[in-house]
Amino acid sequence: MRKVLNLGCGSNLIKSERLDVINLDANKEFKPDIVCNIIHEDIPLEDDSIDTIWMFHIIEHIVKVNRTTVLLECNRVLKEGGNIIITYPEFEICAKNFIENKNGKRDLWEATLFGRQSDIYDFHVTAMV
């Protein structure tokens with residue numbers, strides 16, 4: 007069974023019958039499988055133990071000076087030939103949608119620019135372009 011790390015899962019806890027998904031987040035309130043702040047701690051998994059890492063809307067929460075360290079830590083736990091999937095809000099598109107109030111959802115577009123700011127971790131610290 008493929009082992010997947012859902013890194014920075016937030017409230018998006020993923021369970022699967024076909025994959026062994028490990029949900030990791032810094033915020034214990036979400037009740038992830040592993041509570042870990044990847045900015046200040048190593049990922050508590052063995053070297054070469056993960057087939058795929060999902061980073062869905064997390065990279066924009068990591069200040070630029072810490073990104074290399076975080077990605078090197080991901081590389082450590084990722085098996086050779088493994089994959090890392092990184093998604094993020096594209097700043098230019100989100101800013102345009104915010105300015106134009108696309109679909110009357112200005113609050114949504116503001117949150118995609120700056121984070122929802124629902125807890126101490128939910129802030130965007132850099133624009134992704």
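Under the numbering used here, the letters of the sequence shown match residues 7 to 135, in that order. Glycine is no exception: its CB is placed at the ideal position from the N, C-alpha and C atoms. Computed from a predicted structure; not experimentally measured.
Same chain, Cβ closer than 8 Å to residue i, neighbours up to 5 away in sequence not counted
i, result
"Ser17", "Phe36"
"Met7", "Arg24, Leu25 and Asp26"
"Asp53", "Arg82 and Val83"
"Thr132", "Glu66, Ile68, Val69 and Lys70"
Whole-angstrom distance between residue j and residue i, CA atom to CA atom
i, j, result
"Gly14", "Ser124", "15 Å"
"Tyr94", "His63", "5 Å"
"Leu11", "Thr58", "6 Å"
"Ile20", "Leu30", "10 Å"
"His130", "Val69", "9 Å"
"Val135", "Glu96", "6 Å"
"Trp60", "Ile92", "6 Å"
"Lys111", "Cys100", "11 Å"
"Arg122", "Ser55", "32 Å"
Buried versus exposed call for residue i [16 or more other C-beta atoms within 10 Å across all chains shown]
i, result
"Thr118", "buried"
"Asn103", "buried"
"Leu3", "This structure leaves residue 3 out entirely; the chain is present only between 7 and 135."
"His46", "exposed"
"Glu66", "buried"
"Val76", "buried"
"Gly88", "buried"
Limits of the unbroken beta strand (DSSP E) element including residue i
i, result
"Arg8", "Arg8 to Leu13"
"Val86", "According to the sequence as given, residue 86 is Glu; it is not Val. Leu84 to Thr93 is the extent of the beta strand (DSSP E) around Glu86."
"Leu30", "Leu25 to Asp31"
"Thr58", "Ile56 to Phe62"
Segment limits, alpha helix (DSSP H) that includes residue i
i, result
"Cys100", "Phe97 to Glu106"
"Ala117", "Arg112 to Phe120"
Residue(s) in a DSSP beta bridge with residue i
i, result
"Ile68", "DSSP output for Ile68 lists no bridge partner at all."
"Ile40", "Leu30"
Cβ shell of residue i (< 7 Å), same chain only, five flanking positions each side left out
i, result
"Glu79", "Ile44, Asp48 and Ile49"
Residues of its chain near residue i, where Cβ-Cβ distance is below 6 Å and the 5 sequence neighbours each way are ignored
i, result
"Lys34", "Val41"
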